[in-house]
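Notes follow the structure.
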Amino acid sequence: MRAFTIIYQPFALIATLILAHYESKINTGLRNLCGYTLFFALSLLAVVLDQTTSGKGGIGTFIGLCAIFACFRITHAFVQGGVTGELSFMCSEFIQAFIGGVTASGVVACGLRLFTKYYFEKSDNGLRKGAYTGVHELGTWYPLVLMTVYNITDMVSSYIPLIKVLKLESRKGLTNGYLTVCVYTVVPKGYKGPEQNALGNLLALCLLSGVFAGVALSWLWQIGKSEST
Numbered sequence: 118m119r120a121f122t123i124i125y126q127p128f129a130l131i132a133t134l135i136l137a138h139y140e141s142k143i144n145t146g147l148r149n150l151c152g153y154t155l156f157f158a159l160s161l162l163a164v165v166l167d168q169t170t171s172g173k174g175g176i177g178t179f180i181g182l183c184a185i186f187a188c189f190r191i192t193h194a195f196v197q198g199g200v201t202g203e204l205s206f207m208c209s210e211f212i213q214a215f216i217g218g219v220t221a222s223g224v225v226a227c228g229l230r231l232f233t234k235y236y237f238e239k240s241d242n243g244l245r246k247g248a249y250t251g252v253h254e255l256g257t258w259y260p261l262v263l264m265t266v267y268n269i270t271d272m273v274s275s276y277i278p279l280i281k282v283l284k285l286e287s288r289k290g291l292t293n294g295y296l297t298v299c300v301y302t303v304v305p306k307g308y309k310g311p312e313q314n315a316l317g318n319l320l321a322l323c324l325l326s327g328v329f330a331g332v333a334l335s336w337l338w339q340i341g342k343s344e345s346t
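Residue numbers for the sequence shown follow this note's numbering, so the first one is 118 and each next one is one higher.
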């Protein structure tokens, strides 16, 4: 699974960098439309690959999944930078609704993982039908609960800026969701339309750069673990 992650991130970073550089020459609306169309096509392709291989592994299946993951991340670069730039151009407050929806989808996905983990864990072929979390000394439920708690707090924090009593004017949010919403909504203000669109793309690029750095550094834990064993 870590191999998929390390494949996933570089493609997003490179694609976002290219799209941000040529932002003024690209039709943002068409870019978003192509991105969501590719999302649907790739999701369908993943199901087709699973059915044609009958769920069996192998180097061919692995390469196919890696290719799909890479294309997913390129598509994500299309959508994230494009939507952020478009919303910054329209009204920066719209970004909160977009980010709030993204975080809410993460909560729904985690809920489905918990459901499948509980329902299929002890059934035949349960690891394939359910959510495989690996082996952990605190139990196989630990990673799922951890991801669920993170996504729930991320979603809650992304809606905090809507409540004036709780809004931190210093923008020093302690959570990912709060900080992301504040930065994305405040930075484009005071700039003209094309500049707001460009800033939205640059903010998406900075966010993906940070995620890529975190993913790359996470491999240090694996290196240290292999050396100790």
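Where is the CB? At the ideal position from N, CA and C, for every residue including glycine.
**Request:** Can you tell me which of the three DSSP states residue 307 falls into?
**Result:** coil
**Item:** Cα-Cα separation between residue 221 and residue 325, rounded to whole angstroms
**Value:** 19 Å
**Message:** Output needed for residue 133: all residues of its chain with C-beta closer than 7 Å, excluding positions within five of it in sequence on either side, in chain order.
**Reply:** Cβ within range, chain order: 194, 198, 321, 322 and 325.
**Cβ pair residue 216, residue 204 closer than 7 Å** = no
**7 Å Cβ cutoff met for residue 277 and residue 186** = no
**Message:** Tell me the rounded alpha-carbon separation between residue 290 and residue 297.
**Reply:** Bear in mind that a pLDDT of 46 at residue 290, under 50, signals an unreliable position, so the model cannot answer this.
**Request:** Check whether the Cβ atoms of residue 234 and residue 261 lie closer than 7 Å to each other.
**Result:** yes
**Asked** Which class does residue 208 belong to by DSSP, given the choice of helix, strand or coil?
**Response** coil
**Item:** alpha helix (DSSP H) segment containing residue 166, residue limits
**Value:** 145-169
**Asked** Taking 7 Å as the CB-CB limit, is residue 162 close to chain B?
**Response** Checking the listed chains, one finds no chain B in this structure; it contains a single protein chain.
**Message:** For residue 329, which residues in the same chain have their Cβ closer than 6 Å to its Cβ, ignoring the five residues on either side in sequence?
**Reply:** 126 and 130
**Prompt:** Skipping 5 residues on each side, what residues in its chain have a beta carbon closer than 7 Å to that of residue 163?
**Reply:** 185, listed in sequence order.
**Asked** Out of curiosity, what's the CA-to-CA distance linking residue 315 and residue 136?
**Response** 10 Å
**Prompt:** Does DSSP put residue 288 in a helix, in a strand, or in coil?
**Reply:** Because the pLDDT of residue 288 is 46, which lies under 50, any placement of that residue in the model is unreliable, and the number read from its coordinates should be weighed accordingly. Three-state result, residue 288: coil.
**Request:** Given a cut-off of 7 Å, decide if residue 237 and residue 191 are closer than it, judged by their beta-carbon atoms.
**Result:** no
**Asked** Would DSSP call residue 331 helix, strand or coil?
**Response** helix
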